[in-house]
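Structure first, commentary second.
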Amino acid sequence: MQWLRWQVGRQLSGYDKMFLAGALWPIKFDCYLLRFKQGSFIKRHTDTVESGRHYRLNIVLKAANRGGEFECEQPIYASRRIKLFRPDISAHAVTRVEEGTRYVFSVGWIRNYET
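So for the sequence shown, my numbering puts the first residue at 16; every next one is plus one.
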């Protein structure tokens with residue numbers, strides 16, 4: 016993983032990600048800056064985990080001028096700028112950015128079933 020360097024997002028749909036921080040203990044987490052340029056999107060999907068419950072908090076730092084809307088079947092909390100959801104059980108997507116660039120600060124963590 017390259018720290019503070021733009022990389023192609025794993026959905027191969029045009030967005031970029033920059034790894035900011037992460038750890039495996041005591042709670043497994045990751046922190047990224049996401050960049051959605053014009054034409055990028057994320058198809059509807061879920062993110063599987065080996066064990067535990069996966070949570071993700073997305074904070075929209077800059078919305079696209081048009082498009083780039085986050086969609087989630089069952090968000091825990093969603094406002095214009097804040098999205099908290101379970102990516103392991105709720106299908107989610109980002110619509111195609113039609114104009115401008117969208118930036119998102121994203122933190123994800125996995126809680127074990129025991130905790």
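Positions of the beta carbon are idealized from the N, C-alpha and C atoms, including for glycine.
Inter-residue Cα distance where the pair is Ser-55 and Ser-66 = 30 Å
Span separating the alpha-carbon of Arg-59 from that of Asp-45 | 21 Å
What is the DSSP secondary structure of Gly-37, counted as helix, strand or coil?
-> strand
For Gln-26, which three-state DSSP category applies?
-> coil
Would you list, in sequence order, the uninterrupted beta strand (DSSP E) runs of no fewer than 3 residues that lie entirely inside the region 46-113?
-> 57-60, 68-77, 85-87, 97-100 and 107-109
Unbroken beta strand (DSSP E) run spanning Trp-124, endpoints = 117-126
Please say whether Leu-76 and Val-119 have beta carbons closer to each other than 8 Å?
-> yes
Which value, in whole angstroms, describes the spacing of the CA atoms of Thr-130 and Glu-114?
-> For Thr-130, the pLDDT reaches just 47, beneath the cut-off of 50, and the residue's location in the model is therefore unreliable, leaving the point undetermined.
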